[in-house]
Structures are given as structure tokens and as C-alpha cells.
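Accompanying notes for the structure given below.
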Amino acid sequence: MLRFAPTQAARAASIAFCQQVAPAVGSSIAAQALTARWMSTAPAPGPKPVNPEFSSGPCKKHPGYNISNLPTSSLGRSHRSKLGKERLKFAIDETKRMLGIPDDYLVGIVPASDTGAYEMAMWNMLGAKDVDVCHWESFGKGWFADAISHLKLRDTIEVTEHTAGYGELPDLTKTNKDRDICFTFNGTTSGVRVQDGCDWIADDRTGLTLCDATSAVFAMNMPWEKLDVTTYSWQKVLGGEGAHGMLILSPRAVERLESYTPENRPLPKIFRLTKKGKLDAGIFKGATINTPSMMAVEDYIDALAWAESVGGNDGLIKISNNNLGVIEKFVSENEWIGFLAKDKAVRSNTSVCCTLDLSPEQIKAFVALLDKENVALDIGGYRDAPPSIRIWCGATVETADVEALMPWLKWAFDEVRK
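For the sequence shown, the residue numbers in the working numbering are 5 to 422.
Written out as C-alpha cells, the structure reads:
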């Protein structure tokens, strides 16, 4: 039986580790000078968050997490053993149950996190039809670059780019139902997501939809009937460990795999989803392509058990929405802070990106100051995004900690403007 009440020793060790080894954020000399100047005597605005971890990946472990609670019987055993395969299959089955994935869809554990899962899908399936690639932040832009520069799809098919700037969403209704469509469900680096329901995806489409949902799964309702390939990783909303990806396939995606073999496209072993023209079904029963970390598997299963304890998928979504609500209220009350995603309908409830009425150097100092105070760690905006901050609001982040953070944002803003 897993326990979810945190021990005082574990909490103390976690906070001590943060205080001792967390590096200062903001690498420029000017930002460091500003931070040093504003290590001030200004009074604290209130209690600090109990846990200062707001990283957008890897993300905070779930409340009550204790590594000593993880079963160890599968450690040191072959992942091909009866026990190893049972644990992997259990992780797959629990994922499918908790997310409400249709019975005829397949779920597999694959190498190399969400990146590996999405690249695997691209390299196996793209090229059979023209492609629409939709992107509005760095990772989606990366999928587009891979499609044209590495897969060189424009040598054989038409590839259309649908794009928008950070904080905005392109007109997705311009996509074509007879093409394959690549998109991210939630732009982790821009804080912009697609709208609920994905109504812009046709039910009678002939192309496939390939969806990178790494910072959306377990935080947003996934319209499975609209999604043919979905990928995510453990280290986002559930706060699991990195290096392992999840690949979810509809029957239409399986049909593509078994009917289409890209010409002159060699695939490394860790990308191969078929054998002799047929789906390698073992991947979706726990027979992973290569050796997984069984400790990471147990960590993921533990996260799933915690998720069940807070109400399952619906409970996780509610927590993320509540966390976003705290920030929305704060933004509405303070003119100096705003959302990168101005349209609430497409605003992320996980990777919440905010702009500040500060210069880029002042924003770096703002981030570094909160880091130094051990109030908020890893909240700097993504390097390719406009100057901003990014606060992770996935369900492992407790709402009370988001509430405690808000007065400190105002405190840091006032400090760096002195």
C-alpha cells in the first residue's frame, strides 16, 4: 500500500537540497549585479510556498512523494522477466483506464521521452499524404524543421506551415482533412493550447492527426476520437521521471503503419514499430523496444496511484484549473503583469506564461531574486520565448503554494524596480 503523507524528514531534506544546490537563474553579468543589489532588507510579504518547485519540466513530484515508498522487487530484474513485463503492462493498462482511452486504441512505452515518441511517429508515418504542420512555439517549430530538413518531405509531398507568434494560435480551420496534421496540444513554451474539443479536426478525415500532448495529458480533456497519434512523457503533469515516452495509436494509425513503408528512409532500432509489415504488438503489451528504467516505471505507477487518490483524471484537471485561477485572479488585480496568451480560451492551465512590465535584464533579476529567496525555482521563460516568466501549474503543484507565491511576485517586482 502506497502512502501519500509526506514525512518531515523527506520534506526537510528536499528543502535543504534546494537551498544548497539550486543555481542562480539569469546568466548575464547585469542580471547578477541587479540581483546582488536587491538582496534587500525589504520585509517578506508573507509565508513562502512550502515547495518552491515550479519547473515546467521535469516537474515537481506529487504531494507526499517519498522514494522509499516505491516497490523494489522489479529492480535488478530483467524487463523481459515475468515480473518486469507485468509491471510495464500494468503501467500501460492503468494509463489507458485513467485517461479513458478507447478500447481499440493502443498504448505503448517507448524510448527517449515525448521527443522520441513523436519522432518515432513522424519517421514511421509521414510521407504517405501531404502534411499540414501547425506550430506556435519552439517544440512545434522543431517538428516542422524535422519534417522539411531531416525527413525532407518537401522532396516528395506538399508540406504546409500554419504558424503564429508566441501567445497566439494559428487559424487551425485552414488545415485540410485529407492531409496529415501535426500539432502540439499545449505549447509548453508559449502557454497556448488548442481549444477544448478540437472541433477543427474533421470526423471524416482521411489524413492522420499527430498530436504532441506532453504538457496536456492529465491536465486537459483529450478528445481521443480526434487524435490518431498522441504522445507524452512521464515528467510533466504527473511529475514522473524522464527518458520514457508514451505512444498512443488509433486503429487508423495502426492501419497506416501496416500499409505504408517510407522509401529510402532507414529507421534505427529504437524507432521501429513494425516487423515484416505488421505492427510490433508486443510494444503495446509491455515488451519495450529497449531496456527501460524499472525504477522510473515504478515511479510512474506511484504517480498514477496518487492521481487516483485525488480523483483520477478529472481531479487532476480540476487542480490545474484551480492553480491557473489563482494566477488569473492575481493578474486581474495587478496591471504590471499579463498573460502571454491573452485569449483565455487558448490559455494553458499547466505552462502558464506571463509578461512583466520590466526590461529583459530586470526580468532575469526578478527570476534570480525569487530563486535566491527559495520562493520559486526555474520560472524563467523559455530561451526562445519573449522575455517572460513561466509558472508550472500542473496538478502536482499544490494550490496553496501558488497562492503563497503571488505576493512574492509583487515583492520581487517592486524590488527590481528600486
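Here a beta-carbon is modelled for each residue, glycine too, at the ideal position from N, C-alpha and C. In this text the structure is predicted, and so the values were computed from the model without any measurement.
Local conformation of residue i per DSSP, three classes
{"i": "V356", "result": "strand"}
{"i": "D318", "result": "helix"}
{"i": "V233", "result": "strand"}
{"i": "W228", "result": "helix"}
{"i": "G68", "result": "coil"}
{"i": "T403", "result": "helix"}
{"i": "T177", "result": "helix"}
{"i": "L413", "result": "helix"}
{"i": "L374", "result": "helix"}
{"i": "R394", "result": "strand"}
{"i": "K422", "result": "coil"}
{"i": "F334", "result": "helix"}
{"i": "S219", "result": "coil"}
{"i": "E245", "result": "coil"}
{"i": "A26", "result": "Because the pLDDT of A26 is 41, which lies under 50, any placement of that residue in the model is unreliable, and the number read from its coordinates should be weighed accordingly. Here A26 sits in coil by DSSP."}
{"i": "R269", "result": "coil"}
{"i": "G50", "result": "coil"}
{"i": "I367", "result": "helix"}
{"i": "R387", "result": "coil"}
{"i": "A408", "result": "helix"}
{"i": "D203", "result": "coil"}
{"i": "S31", "result": "Bear in mind that the predicted position of S31 carries a pLDDT of just 48, short of 50, making it unreliable; the figure below should be weighed with that in mind. Note: S31 maps to coil in three-state DSSP."}
Reference residue i; option with closest CA among the options
{"i": "F148", "options": "Y170, V114, C202 and T188", "result": "T188"}
{"i": "V111", "options": "M126, K368, V371 and L92", "result": "L92"}
{"i": "V350", "options": "E172, A399 and E123", "result": "E172"}
{"i": "G249", "options": "F288, S85 and F343", "result": "F288"}
{"i": "I305", "options": "A168, E407, E267 and K100", "result": "K100"}
{"i": "G68", "options": "A311, T295 and D136", "result": "A311"}
{"i": "I331", "options": "P62, S263, I395 and G80", "result": "I395"}
{"i": "R158", "options": "N180, A132 and S355", "result": "A132"}
{"i": "P49", "options": "T192, D184 and V379", "result": "V379"}
{"i": "T400", "options": "G315, S336, A95 and A46", "result": "G315"}
{"i": "I323", "options": "R276, Y109, A223 and V356", "result": "A223"}
{"i": "R197", "options": "I367, W415 and N353", "result": "N353"}
{"i": "Y236", "options": "T192, H154 and D405", "result": "T192"}
{"i": "G244", "options": "P272, P47 and T218", "result": "T218"}
{"i": "S78", "options": "D388, G246 and L87", "result": "L87"}
{"i": "P51", "options": "G286, A416 and E407", "result": "E407"}
{"i": "E162", "options": "L283, V137, D405 and D97", "result": "V137"}
{"i": "R269", "options": "H154, A291 and Q239", "result": "H154"}
{"i": "N180", "options": "N190, Y170, E165 and S194", "result": "E165"}
{"i": "L409", "options": "A220, V335 and P272", "result": "V335"}
{"i": "E433", "options": "W204, W238 and G246", "result": "The chain is shown only over 5 to 422; residue 433 falls outside these bounds and no answer can be derived."}
{"i": "R260", "options": "K240, W238 and L283", "result": "L283"}
{"i": "P53", "options": "K414, F417, R421 and E402", "result": "E402"}
{"i": "A404", "options": "G146, P47 and P56", "result": "P56"}
{"i": "H66", "options": "D382, K348, G146 and K240", "result": "K240"}
{"i": "A125", "options": "W415, T278, L413 and I105", "result": "T278"}
{"i": "C63", "options": "P174, Q366 and W238", "result": "W238"}
{"i": "G80", "options": "D216, P296 and V356", "result": "P296"}
{"i": "E337", "options": "I185, D303, L413 and T167", "result": "L413"}
Beta-bridge pairing of residue i - partner residues as DSSP gives them
{"i": "S342", "result": "Correcting the residue type first, residue 342 is Gly in the shown sequence and not Ser. Answer is T359."}
{"i": "N476", "result": "Given that the chain is displayed from residue 5 to residue 422, the structure contains no residue 476 and the question cannot be resolved."}
{"i": "E57", "result": "L381"}
{"i": "I185", "result": "D136 and T213"}
{"i": "L251", "result": "G112 and T235"}
{"i": "R351", "result": "V196"}
Heavy atom of the ligand COA within 7 Å of residue i beta-carbon
{"i": "K376", "result": "As for the ligand COA, it is missing from this structure, which has no ligand bound."}
Contact belief for residue i with residue j at Cβ below 8 Å, rounded distance in angstroms
{"i": "P390", "j": "L328", "result": "Rounded, the Cβ-Cβ distance is 20 Å, inconsistent with contact."}
{"i": "R209", "j": "D134", "result": "That belief does not hold up - the Cβ atoms of R209 and D134 are roughly 13 Å apart, past 8 Å."}
{"i": "V114", "j": "I252", "result": "The Cβ separation is near 11 Å, so there is no contact."}
{"i": "N190", "j": "I321", "result": "With a Cβ gap of about 13 Å, N190 and I321 do not count as contacting."}
{"i": "A129", "j": "L212", "result": "A small fix is needed here, since residue 129 is Met in this sequence, not Ala. Contact flag correct, Cβ pair sits at about 6 Å."}
{"i": "C443", "j": "S313", "result": "The structure shown does not extend to residue 443, since the chain is modelled only from 5 through 422, so no value can be given for it."}
{"i": "E419", "j": "A95", "result": "In fact, because the Cβ distance is near 45 Å, the residues do not count as touching under 8 Å."}
Review point. Whole beta strand (DSSP E) runs in the segment 147-172 with 3 or more residues, listed along the chain?
Key: As far as the segment 147-172 is concerned, its whole beta strand (DSSP E) runs of at least 3 residues are 163-167.
Point to revise | In chain order, each beta strand (DSSP E) run of at least 3 residues that lies wholly inside the segment 71-151 | key: Listed in chain order, the complete beta strand (DSSP E) runs (minimum 3 residues) inside the segment 71-151 are 110-115 and 135-139.
**Study point:** Contained alpha helix (DSSP H) runs [length at least 4] in the segment 273-325, N- to C-terminal order
**Key:** Complete alpha helix (DSSP H) runs here, min 4: 298-313.
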